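Step one of this worksheet: look at the structure below.
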Amino acid sequence: MNLNQYIDNINKRYKLGNATEHTFRGDLQQLIENIVPTIRATNEPKRQSCGAPDYILTKKDNLSRSGGIPVGFIEAKDIGDKDLEGAKKTGNKEQFDRYKASLNNLIFTDYLDFHLYREGQFVTKIAIGEVTEKGIKPIPENFERFENLIKDFCTHIGQTIKSSKKLAEMMAGKARLLSEVIEKALTSDENNSEDSTLKDQMHAFKQILIHDITPKGFADVYAQTIAYGMFAARSHDPSLATFSRQEAYELIPKSNPFLKKLFGYIAGLDVDDRIKWIVDDLVSIFIACNVEEILKNYGKSTKMEDPIIHFYETFLSEYDPKLRKARGVWYTPAPVVNFIVRAVDDILKTEFDLPQGLADTSKTKIKVDVQGKKMEQEVHKVQILDPATGTGTFLAEVIKHIHLKFEGQQGIWSSYVETHLLPRLNGFELLMASYAMAHLKLDLLLTETGYKPTKDQRFRVYLTNSLEEYHQDTGTLFANWLSSEANEANHIKRDTPVMVVMGNPPYSGESANKGEWIMSLMEDYKKEPGGKEKLKEKNSKWLNDDYCKFIRYAQHFVEKNNTGIVALINPHGFLDAPTFRGMRWNLMNTFDKLYILDLHGNSRKKEVSMDGSSDENVFDIIQGVSINIFVKTGNKNKGKLATVNHFDLYGKRQNKYDFISQNSIGSVAWQLLPCKAPEYFFVNKDYSLKAEYENGFSVSNLFPTNGVGICSKRDSIAFQESKKDIKKVVEDFSVLSEIEIKQKYSVKSESRDQKISLAKQNINDYGLNDKYLIRSLYRPFDEKWTYFTNRVRGFLAYPVFQIMKHFVIGENIGLCFVKVGRNADNQNFFVTNKIVTKDAISSLDSINVFPLYLYTETTAQQTIEPAATRSPNLNTVIVKQIAEKLGLGFVPEKEVEGNVCFVNSPEVRDDFKTTFAPIDLLDYIYAVLHSPTYREKYKEFLKIDFPRVPYPKDKDTFWQLVKLGGEIRQIHLLESPTVEKYITQYPIDGDNVVIKPRFSPSPSGRAGVGSVYINDTQYFDNVPEIAWNFYIGGYQPAQKWLKDRKDRKLEFEDILHYQKIIVALSETDRLMKEIDKIEIE
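All letters in the sequence shown, in the order written, are residues 21 to 1101 by the working numbering.
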């Protein structure tokens, strides 16, 4: 078929009037194969339904030898398509962007107009026909150019890839597309009740490894494993000229039977045809690069000495940074790993009388279950386990460390490895890609050491969930592979006398790992010190962090063995957070000696070095970390607690690397901690002011009725900017079906506490009455509307009605506190006169709300009706003590005018000064809490519980503080006339859309002020830098308020509101300085 015939055929079909983009596919296929006879243009609808472009072009002579590696792709739209540029969100933009990011050689066409893209960049376009009133008219002057373009398109050789960044980007692009294709294939199989190997594999993975994995999650895991497995295989490929799926399979070592089987499937005839094309396209990028050369100098800057493994971090950052965070993928710097391995080696020698340390070959006898009978078996004594192996960094360091002892003994090295090393190195890993890397890393490392295997001996690194017990074989092929891994791992979990547990377990907050077995172990940490009483914490969810579970898991092995060492690097939050006191006591009760090298670097706490310089993390994460080494010799008397050795290491990252590289566990200047009841802190605390601090009253005692803030479990729906917006949401929930609501509001998953059905039921039961539409404090100076009733697990998961009703049925004021703050400035409090969300002042910790007044209990309150009477929510004993000390009478109500106490006015009647009211007490407390001296003096105590406030020193001091505290309260509620006196300007007209807020210092050189830009041209001028950086709780309101409005237009009231915030923050800073001039105690 030539071009004239092609246009003629297209024209005839077009004139029929019922043509679609599918009508012309055969014509274009024939045209391309006629212009370039060596090319096959494949068009398979089944692939297209799962995300493949319409045409995949491969070389005919290439099909059998290299698996049909694609040379180009064509995506065809209907004739006359209006968006071949892919610029319209309602057109082709999403699909075209996805292809441009993933496919290197690509044409978009409507069968007449052809647009060529290479490496995601537009190259050229050419039209060979146009639509007229009489049909399709050819453009013959473009025919020769078109043929040349197609020939060039089909012979394109991808650019040689020379940088690791580029390789990571291209791998990630292909892997993302592969993931999308797999997800669509799985969804199609489920919807159509079709069987496929992919579907079988996902079900097996779900049953044996990650039970709550979704098709998207499985697609991610699978795509990463294929992409990075091929990368690793290519890095060991001696023949750079060729590469294919088959070659990748051949390069996988026999020491990794699971991955060998998986790549056997990928390379074989049974591979799902819907993914084969993109896997083959993935192969193409490896042909265009020399992996070994690219990575030669990679990783040195961050002490990542194994470039192949640490490239995975770069790849995953490109592939999906959020997924990297969710999976806790943070590689341990070499100096940290080396220090931990050396420390374990030293402890084995000094505490356990094993002169060879980690290289020990001694054996011990254990009882094992063989076919229902207990049999005695001899195993090595120093069994080592990394329960979250990742890419094998710790196990590799153990090999390197032991190999150093065999210098000059190469003749016995291979025998030692086979007989005494491999049988002792154990690793568990949950993620297939990391697991693949661990095997390849250990295989390569042992080869480099000169190890020559005499038999096929697999590495004892298994694909399994460490925190779960064994799963039975489920029958399918993929399940057999997984259950075989789990079965072998179970021998370690059940029988192996693990003596050393080391590694860097994942950090993921309250994790999904909630199996019955591990959660039963965790109960030991959820008890008060002494191990008898349940932990007295309203919310102990931080103990459910994965890192806590892995510490408990490691402790379990040592307890079972009665001796051993736990050596982990973890977040350091458990060292001093009050919630972890039971965990700390339990560790002291189990082990003999604890060594804690606190590496700090916690940006949440804004940690700094002792000299005031910046303190950096050894990882690129927010949480501070510590190296924790726990030793159990079995010689400690029962009931005696362990000694705790502690060392603080602050400073630059490189300085920390240098310190731990140059020191050993024996040379660190450990400080022996007292670890006193009831908290048993694993940090050095200054208790010298404890008695003085405890002379004050606790706000939790003063305000007996208090509770946590509102929890919606789905803020994006439950809280809206305006009453109109929340009303529309409520109306939708009332009239739309569950499916329609989920589609409209992008609800992809539900939890026990937040189901669309329950929210609908709540609204249908209570109705659309405006009285349930309530304004709430959502963030500092940021209010939102919600639908508020007393229904638990309704529209709101937890409305905390018994507390919040006191802000709805009558006027009120309350203080908000975070019980255990994580920042250095101890400013974890705010004031509210509305219902308040749990994250109002911190995204990390829930607040407690302390209402000033309680409204009389009536049935009316359950329907949010006004109540007639209220009483102070104050401890009468504490109030009486204050009254007696001040010589003042207490009155339950203060006369107010315009919501401003007369006591804050210069015209105060004398008799006012003979009494004080609840609002005065609140203002006094608010002033004390804003004293920088108070915060610094009692900083250690303010970190661990609700604040204690000193009793007023005398009457004059009390009224001075009441006045200043009242001013701050009114400013924070934006009720003070002061906030209307703007100190900033908004000088430039524009669209008022927030793009990327930033602070720019004044160009005139004025110190301490600058401009806050909301986009390239518009800004707020003369903003004090102190206001821009000011913290309330965990937020910087001047920044947070704008960031929460990214891509939104600021209305007139918004622009004025932001300027009020700036005044409020500036005034707070000024008033804090005024408070500090007063001697509080």
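Beta carbons: idealized from backbone N, C-alpha and C, even for Gly.
Note that the coordinates shown come from a computational prediction; the quantities given were computed from them, not determined experimentally.
{"Query": "With H, G and I counted as helix, E and B as strand and the rest as coil, what does DSSP make of SER634?", "Result": "strand"}
{"Query": "Which same chain residues, not among the five before or five after PHE173, have their C-beta less than 6 Å away from its C-beta?", "Result": "GLY92"}
{"Query": "Going by the DSSP bridge assignment, what does TRP805 pair with across the sheet?", "Result": "GLN740, ARG795"}
{"Query": "Using three-state DSSP, classify GLY149 as helix, strand or coil.", "Result": "strand"}
{"Query": "What alpha helix (DSSP H) runs, 4 residues minimum, are completely inside the stretch 635 to 695?", "Result": "673 to 682"}
{"Query": "At what residues does the beta strand (DSSP E) containing LYS385 begin and finish?", "Result": "383 to 390"}
{"Query": "Which one or two residues does DSSP pair with GLN397 in a beta bridge?", "Result": "ILE386"}
{"Query": "Report back the beta-carbon spacing between ALA991 and THR1088 to the nearest angstrom; my notes put them in contact at under 8 Å.", "Result": "Going by the sequence as given, residue 991 is Ile instead of Ala. Yes, ILE991 and THR1088 are in contact; Cβ-Cβ is about 6 Å, under 8 Å."}
{"Query": "Alpha helix (DSSP H) containing ASP209: first to last residue?", "Result": "184 to 211"}
{"Query": "Can you list, in chain order, the residues of its chain whose CB lies under 6 Å from that of LYS145, leaving out five sequence neighbours each side?", "Result": "HIS135"}
{"Query": "Below 7 Å CB to CB, which residues in the same chain sit around LEU6 once its five sequence neighbours on both sides are set aside?", "Result": "Missing from the structure shown is residue 6; the chain here goes from 21 to 1101 and no further."}
{"Query": "Taking the Cβ atom as the reference point for each residue, do LEU378 and VAL361 lie within a distance shorter than 9 Å?", "Result": "yes"}
{"Query": "Determine the DSSP secondary structure at TYR1002, reduced to helix, strand or coil.", "Result": "coil"}
{"Query": "Under 9 Å, do LEU282 and TRP562 count as touching if we go by C-beta distance?", "Result": "no"}
{"Query": "Where do the ends of the alpha helix (DSSP H) carrying GLU904 lie?", "Result": "896 to 906"}
{"Query": "Measure from the alpha carbon of LEU126 to the alpha carbon of each residue in ILE867, PRO353, ARG138, then state which is nearest.", "Result": "ARG138"}
{"Query": "Pairs of beta-carbons, one from the stretch 605 to 614 and one from the stretch 658 to 671, closer than 8 Å: are there three or more?", "Result": "yes"}
{"Query": "Using a Cβ-Cβ cutoff of less than 7 Å, which residues in the same chain neighbour TYR1146 once the five nearest sequence positions on both sides are dropped?", "Result": "Here the chain has residues from 21 to 1101 only, and residue 1146 is not among them."}
{"Query": "Considering just the uninterrupted stretch of the alpha helix (DSSP H) at PRO235, what are its terminal residues?", "Result": "235 to 255"}
{"Query": "Going along the chain, which residues of its own chain have a beta-carbon closer than 6 Å to the beta-carbon of ARG734, five neighbours each way excluded?", "Result": "GLN774"}
{"Query": "Mapping the DSSP letters down to three states, classify GLU536 as helix, strand or coil.", "Result": "helix"}
{"Query": "Are the beta-carbon atoms belonging to LEU1085 and PRO1044 less than 9 Å from one another?", "Result": "yes"}
{"Query": "Measuring CA to CA, which of PHE801, ASN810, ARG799 is closest to ASP785?", "Result": "ASN810"}
{"Query": "Is the Cβ-Cβ distance between SER593 and ASP618 less than 9 Å?", "Result": "The question names Ser, yet the displayed sequence has Gly at residue 593. Taking 9 Å as the Cβ cut-off, GLY593 and ASP618 do not qualify as a contacting pair."}
{"Query": "Buried or exposed: which applies to LEU942, given that a residue is buried once 16 or more other Cβ atoms fall within 10 Å of its Cβ?", "Result": "buried"}
{"Query": "Only counting runs of 3 or more residues, tell me where the beta strand (DSSP E) segments fall wholly within the stretch 1028 to 1095, in order along the chain.", "Result": "1029 to 1033, 1039 to 1044"}
{"Query": "Please classify MET630 as buried or exposed, where buried requires at least 16 other C-beta atoms within 10 Å of its C-beta.", "Result": "exposed"}
{"Query": "Taking the Cβ atom as the reference point for each residue, do ILE246 and ALA195 lie within a distance shorter than 9 Å?", "Result": "yes"}
{"Query": "Just to check my reading of the structure: LYS973 and GLU1101 have Cβ atoms closer than 8 Å, yes? What is that Cβ distance to the nearest angstrom?", "Result": "6 Å"}
{"Query": "According to DSSP, simplified to helix, strand and coil, what is TYR786?", "Result": "helix"}
{"Query": "Relative to the C-alpha of LYS1111, which residue among LYS226, TYR339, VAL999, SER777 is closest?", "Result": "Because the chain here runs from 21 to 1101, residue 1111 falls outside it and cannot be looked at."}
{"Query": "If you compare alpha carbons, which of TYR248, VAL402, SER771 is closest to THR334?", "Result": "TYR248"}
{"Query": "Taking its Cβ as the centre, do 16 or more other Cβ atoms sit within 10 Å of HIS826, making it buried, or is it exposed?", "Result": "buried"}
{"Query": "Leaving out the 5 sequence neighbours to the left and right, which residues in its chain are closer than 6 Å to SER623 when beta-carbon positions are compared?", "Result": "ILE642"}
{"Query": "On the premise that THR934 lies in contact with LEU908, defined as a C-beta separation below 8 Å, what is that separation, rounded to the nearest angstrom?", "Result": "6 Å"}
{"Query": "Got a sec? Which residues, its chain only, sit under 6 Å from LYS1110 by beta carbon, not counting five neighbours each side?", "Result": "Residue 1110 is absent from the structure shown; the chain starts at 21 and stops at 1101."}
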